[in-house]
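Participant: Can you keep this structure in mind? I'll have questions shortly.
Written out as structure tokens, the structure reads:
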């Protein structure tokens, strides 16, 4: 999330850069014993130096794609949270005493309802964003 904002700032300043997957860098360097910011920085520099001939500058996605990715990321988080609350209802039933379970059950149901409503709102935002973009594209032609 933070790297995307930084990437957008770099582009706004006219600075070309290459965005690379951290796991790809890590796997290319093999097994490392020590882990520190200084060691990581050195490893990244070594990776970039070795790949300098084949790396190409990253192209910034269109604003619509960036917006949709952020909305979908938020939606996925809400769906996972909702599933977690749903699962915790069934997991806790056999071990909690009835009074405590009832309170937890009410709290979980309230959270599930709230998360379901937020998912609906995100879905509406996604649809309206796509619709607005298609109308803008039609008007530009």
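Numbering (my numbering), first residue to last: 3 to 143.
Virtual Cβ for every residue (Gly too), placed ideally from N, Cα, C.
Since this is a predicted model, take the numbers as computed values, not measurements.
1) Around the C-beta of residue 126, are 16 or more other C-beta atoms found within 10 angstroms, so that it is buried, or is it exposed?
2) To which residues of the same chain is residue 59 closer than 7 Å at the C-beta, ignoring the five residues directly before and after it?
3) Can at least three beta-carbon pairs, one atom from the stretch 79-87 and one from the stretch 108-125, be found at a separation below 8 Å?
4) Classify residue 80 as buried or exposed, calling it buried when 16 or more other Cβ atoms lie within 10 Å of its own Cβ.
5) Please classify residue 5: does DSSP put it in a helix, a strand, or coil?
6) Taking its Cβ as the centre, do 16 or more other Cβ atoms sit within 10 Å of residue 124, making it buried, or is it exposed?
7) If residue 131 sits next to residue 66, beta carbons under 8 Å apart, how far is it from one beta carbon to the other, in whole angstroms?
8) Quick check: what's the CA-CA separation for residue 103 versus residue 133?
9) Mapping DSSP to helix, strand and coil, what is residue 109?
10) Can you tell me the Cβ-Cβ gap for residue 91 and residue 128, rounded? I've got them flagged as a contact below 8 Å.
11) Can you give, in chain order, each stretch of the alpha helix (DSSP H) that sits fully within the stretch 7-45 and has at least 4 residues?
12) What do you reckon, are the CB atoms on residue 27 and residue 49 nearer than 7 Å?
Facilitator: Taking the structure as given:
1) Your numbering for residue 126 matches position 124 in the chain shown. The residue in question, residue 126, is exposed, as its Cβ has fewer than 16 Cβ neighbours within 10 Å.
2) Indexing the chain shown from 1 puts residue 59 at position 57. Excluding sequence neighbours, residue 59 sits near 18, 19, 20.
3) Three or more Cβ pairs closer than 8 Å define a contact, and the stretch 79-87 meets that threshold against the stretch 108-125.
4) In the chain shown, counting from the first residue as 1, residue 80 sits at position 78. Residue 80 comes out buried.
5) Position 3 of the chain shown holds residue 5. Here residue 5 sits in helix by DSSP.
6) Position 122 of the chain shown, counting from 1, holds the residue named residue 124. Buried, by the Cβ-count rule.
7) Sequence index remark: in the chain shown, residue 131 carries index 129 (1-based). Sequence index remark: in the chain shown, residue 66 carries index 64 (1-based). The Cβ separation is near 7 Å, so the contact holds.
8) Locating residue 103 in the chain shown gives position 101, where the first residue counts as 1. Locating residue 133 in the chain shown gives position 131, where the first residue counts as 1. Rounded to the nearest angstrom, the two C-alpha atoms are 44 Å apart.
9) Residue numbering aside, residue 109 sits at position 107 when the chain shown is read from its first letter. Three-state DSSP puts residue 109 in a helix.
10) Your numbering for residue 91 matches position 89 in the chain shown. Your numbering for residue 128 matches position 126 in the chain shown. No, residue 91 and residue 128 are not in contact; Cβ-Cβ is about 28 Å, not under 8 Å.
11) 24-30
12) In the chain shown, residue 27 corresponds to position 25, counting from 1. In the chain shown, residue 49 corresponds to position 47, counting from 1. Yes, the Cβ-Cβ distance between residue 27 and residue 49 is below 7 Å.
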